[in-house]
Each structure stands twice: as structure tokens, then as C-alpha cells.
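In what follows, a structure is listed as C-alpha cells, so that the remarks can point back to it.
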Amino acid sequence: MDAGFKAHILPTITVNNALAAIAFYQQAFGAQLLTSNTADGHTVGVLAVEEAQFIVADESPENGTVGPDKQNGVSVRIGLMVSDPDAIANQAIDAGIITIYPVADQDYGYRLGHFINPFGHHWEIGKPLF
Numbered sequence: 004m005d006a007g008f009k010a011h012i013l014p015t016i017t018v019n020n021a022l023a024a025i026a027f028y029q030q031a032f033g034a035q036l037l038t039s040n041t042a043d044g045h046t047v048g049v050l051a052v053e054e055a056q057f058i059v060a061d062e063s064p065e066n067g068t069v070g071p072d073k074q075n076g077v078s079v080r081i082g083l084m085v086s087d088p089d090a091i092a093n094q095a096i097d098a099g100i101i102t103i104y105p106v107a108d109q110d111y112g113y114r115l116g117h118f119i120n121p122f123g124h125h126w127e128i129g130k131p132l133f
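In the working numbering, the protein residues as written are 4 to 133.
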């Protein structure tokens, strides 16, 4: 076992245009593209916002992965916990994210807002208050 390795969750966000989604996340969240690969016309990119990493990948219906537009909604909201959720949310709004409710102090102990990006994924941008 690697003593320096920490277990973590690394979500893969499936979209119908990974290159456009990567560009959106770079603009909206200031995401850094860590690595990308395009094979057989399918793009997969690993991005990071502060210390939070996630993968963006083109749809692969043959493997059972499609974007929200083909699923009639989503079953997972993605929580992006950052040091300044107000600034990231405002940057995302400028990039075209849709606000469900704005960043505010919530009764359950987070400063958090709920948004939907142009690719249909739900994001909660916030930070814990505890």
C-alpha cells in the first residue's frame, strides 16, 4: 500500500461534447486541465479546481454512459467545496451556469448555492461553515 496515497472519490461527468465541457469548466470554475486523451474520437480530461479533481468524458453509449439530456435528468448533484464559493459561483454565472438558488448560508451548516451547467449537470458550490 502506498503510504502517501489517500482514498478519494473521483467523479466522471459524462457529456455529449467533452471538449466544450472542459472549456466551460476552465472558464466557469477556473479549472486546470491536468491531462487529456482523445482516442477513437472520444475525449477524456482530468480537471482540478483547487484540490478537487474530476473527470469529463464524452458519452459512450456502448458502455452505458450518456449525458443528462438522454436520461431525463440526473440522480447525482456534484458538490464543489472551495475556499470562496461566492467568487466561483459568480465566475460560473458569467460563464453561463443557471442558478437554482444563489450561494447563501444554509441551515444545515454550509454556505452553498445550487446551479445547473449548460450540459445538464447539477452543481452545489459551497464551503462548510463548521
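Cβ coordinates follow ideal geometry from the N, Cα and C atoms, glycine included.
Three or more beta-carbon pairs separated by less than 8 Å link the region 77–92 to the region 110–120, which places the two stretches in contact. Here Gln74 carries a coil assignment [DSSP, helix/strand/coil]. Judged by DSSP secondary structure, Phe118 falls within the beta strand (DSSP E) whose first and last residues are Tyr113 to Ile119.
Between Ile16 and Val59, the C-beta spacing is below 8 Å. A straight line joining the alpha-carbon of Arg80 with that of Phe118 spans about 9 Å. In this structure, the straight-line span from the alpha carbon of Ala6 to that of Thr102 is close to 41 Å.
Secondary structure of Leu22 (DSSP, three-state): helix.
Here Phe122 carries a coil assignment [DSSP, helix/strand/coil]. Take the alpha-carbon of Ile96 and the one of Gln74: they are about 24 Å apart. Per DSSP, the beta bridge partners of Lys130 are Arg114.
Scanning the region 37–90 from its first residue to its last, the whole beta strand (DSSP E) runs of 3-plus residues come out as 45–52, 55–61 and 80–84. Leaving aside the five residues that flank Leu132 on each side, the residues in its chain whose CB is nearer than 7 Å to its CB run, in chain order, Asp108, Gly112, Tyr113 and Arg114.
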